[in-house]
Amino acid sequence: MRTGRLLAWYRKGARDLPWRRTRDPYSIWVSEVMLQQTQIATVIPYYRRWLKRFPTVRALARAPMDDVLKAWEGLGYYARARNLHKAARLLKKLPRTAEEWRAVTGVGAYTAAAIASIAHGERVAVFDGNVRRVLSRFEARDVTEAPPPRGKPGDWNQALMELGQRVCTPRAPRCGECPIRSDCKARASGEPERWPLKKAKKEVPHKEVAVGVIWKGGRFYVQRRAEEGLLGGLWEFPGGKREKGETFEQCLRREIREETGFRVDAGPFLVTVRHRYSHFSVELHTYHCFWRRGKAADPSSARASEGKRWVTPDEAGALAMPTANRRILDALRAAGRPPAPAF
DNA sequence: GAAGCGTGGAC
DNA sequence: TGTCCAAGCTT
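In the working numbering, the protein residues as written are 5 to 347.
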C-alpha cells in the first residue's frame, strides 16, 4: 500500500476528537474502552463527563462503584466500567507496552495496541472492525493483521480506523473519496461491499416481562442487580418473565413475592417499554403496585440490604439504571404524583 | 470457538 | 416498523 497517501489524508482531515488532544495514557485508556463496540458520537459526551468526574487514575480508584456506574449509565456493556474501576484500584502504575496493557482486565488485543501505539508510540497494529474491513477490501480477501509501517504507528492505526469509519463504510462505501482507491482490489472488482465476509446472523429470543413500581407512601422500591452478568450493579424495578397461561398481573404478584418477599396489590397499568439488548428483546409491561406486607427478602445479609431501597422519583434519578428502566422512571415522572391505591 | 454482554445511529 | 453493526472483551 502507498502508505503516504493514507497518512496525508488523515493528517489533513483528522477530526478534532477530544482524546486526540492528549497523550495521557489514562485518558487514552478511558477513550479506547468507551469506544469498544460504540460509535464516536455516542462516546464524546461520556468521555468529557468522565474525565471531569474522574480526572486521574487515583480519582477513579477512590470513587464508589455507584458513581462509576452512574457516569457510564446509558453507554452499555457495563462490565467495561466495572473493569476500569477494578483495574484503577489494582494498578500501582499504568503499563507502557502493549503486552503489559494486555494483562489489564477489560483490555484486549485491540485496546492494548491502541493505547501502546497512540500514547507510547509502540509499533503495534490495531485490528478492529474498521481495519479488518479496509484491509480486506484493499486485498479483496479476508486478511489478518499486519505490522504497521515505520513512522508514527499511532497515526497509522488511527488513519486506518478513520478511513473505515468515514469512507470505507460497511454499506455504500465512498470510494470516490478514498485516498488509496487506485490500488484497491475491491473497488476494481466493482463490488467493494463483498468484503469482509459476513457472519451468519442468529435470531434473538423475545421475552415478555411484568414489572412493578411498588409504592409505600410517597416512595417506591428499587433493587440493585448482581455485580456480574447483564447490567451488573445497576438499579432496577423488580419483575420477571411471564409464564404460559399467566396474566401480567398474576406474573407480577408472583415475581414480586419470589424476588422481594412482598405481598402487593397490582394495578393500575403504567407503561410498556420495548427494548432490545445484544442477544434478546423484551417488553416490560409495567404496573403500579401497592405494598401490603412483607419485609424485603434476604434480610440476613447486611450487604444484600444495601441493594434494596425505597426512593422518591428524584432519588431514583440519581441512581445508575439500565436504559429500559430509565424509560419507566421517565413515564413515572411524566405522570406526576403517585396514583391513589385502588381498593 | 461460541455465547454473553447494551445501546444508538444509519438507512 | 426492521436490520445491520459499531475504535471488542471475557468466560
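Yeah, the Cβ is synthetic: ideal placement off N, Cα and C, and Gly gets one too.
Under DSSP, the beta strand (DSSP E) around Gln43 begins and ends at which residues?
Here residue 43 is taken as the residue at index 39 of the first sequence, counted from 1. Counting along the chain, Gln43 falls outside any beta strand (DSSP E), and DSSP gives it neither H nor E.
Let's see if you can read the secondary structure: which residues bound the alpha helix (DSSP H) around Leu10?
Locating residue 10 in the first sequence gives position 6, counting from the first residue. Leu10 -> alpha helix (DSSP H) spans 7–17.
State the beta-bridge partners of Arg278 as determined by DSSP.
Reading the first sequence from its first residue, position 274 is the one you call residue 278. Looking at the DSSP assignment, Arg278 forms a beta bridge with Glu287.
So for Lys189, helix, strand or coil by DSSP?
Position 185 of the first sequence holds residue 189. Looking at Lys189 - three-state DSSP - the assignment turns out to be helix.
To the nearest angstrom, how far is the alpha carbon of Leu10 from that of Cys172?
Against the first sequence, residue 10 aligns to sequence position 6. Against the first sequence, residue 172 aligns to sequence position 168. CA-to-CA, the gap between Leu10 and Cys172 works out to about 12 Å.
Looking only at its own chain, which residues have a Cβ that is under 6 Å from the Cβ of Lys245, when we skip the five neighbours before and after it?
Counted from its first residue, the first sequence places residue 245 at position 241. For Lys245, same chain residues with a beta-carbon under 6 Å away, outside a window of 5 residues either side, are Lys211, Val213 in chain order.
Between Ala270 and Arg24, what straight-line distance do the alpha-carbon atoms span, to the nearest angstrom?
The count along the first sequence starts at 1 and reaches residue 270 at position 266. The count along the first sequence starts at 1 and reaches residue 24 at position 20. Straight-line Cα distance between these residues: approximately 53 Å.
Where Lys156 sits in the DSSP three-state scheme:
Position 152 of the first sequence, counted from the first residue, corresponds to residue 156. Coil, per DSSP.
Alpha carbon to alpha carbon, what distance is there between Val277 and Met38?
Here residue 38 is taken as the residue at index 34 of the first sequence, counted from 1. Here residue 277 is taken as the residue at index 273 of the first sequence, counted from 1. Near 26 Å, if we compare the C-alpha coordinates of Val277 and Met38.
Same chain, Cβ closer than 7 Å to Val268, neighbours up to 5 away in sequence not counted
Taking the first residue of the first sequence as position 1, residue 268 is located at position 264. Closer than 7 Å at Cβ, skipping near neighbours: Gly216, Ile218, Arg257, Ile260, Cys293, Phe294, Trp295, Arg296.
For my contact list, Phe142 and Lys189 are in at a C-beta cut-off of 8 Å; report their separation, rounded to the angstrom.
Residue 142 sits at position 138 when you count from the first residue of the first sequence. Residue 189 sits at position 185 when you count from the first residue of the first sequence. Contact flag correct, Cβ pair sits at about 7 Å.
Give me the residue from Thr109, Gln41, Ala335, Arg198 with the minimum Cα distance to Arg137.
Reading the first sequence from its first residue, position 133 is the one you call residue 137. Closest option to Arg137, Cα to Cα, is Arg198.
Taking Leu167 as the reference, give the member of Glu149, Pro183, Thr46 with the closest Cα.
Residue mapping note: residue 167 aligns to position 163 of the first sequence, counting from 1. By alpha-carbon distance to Leu167, the top candidate from Glu149, Pro183, Thr46 is Pro183.
Any idea if Gly243 is buried or exposed, counting beta-carbon neighbours within 10 angstroms, 16 or more meaning buried?
Numbered from 1 along the first sequence, position 239 holds the residue referred to as residue 243. Buried is the call here.
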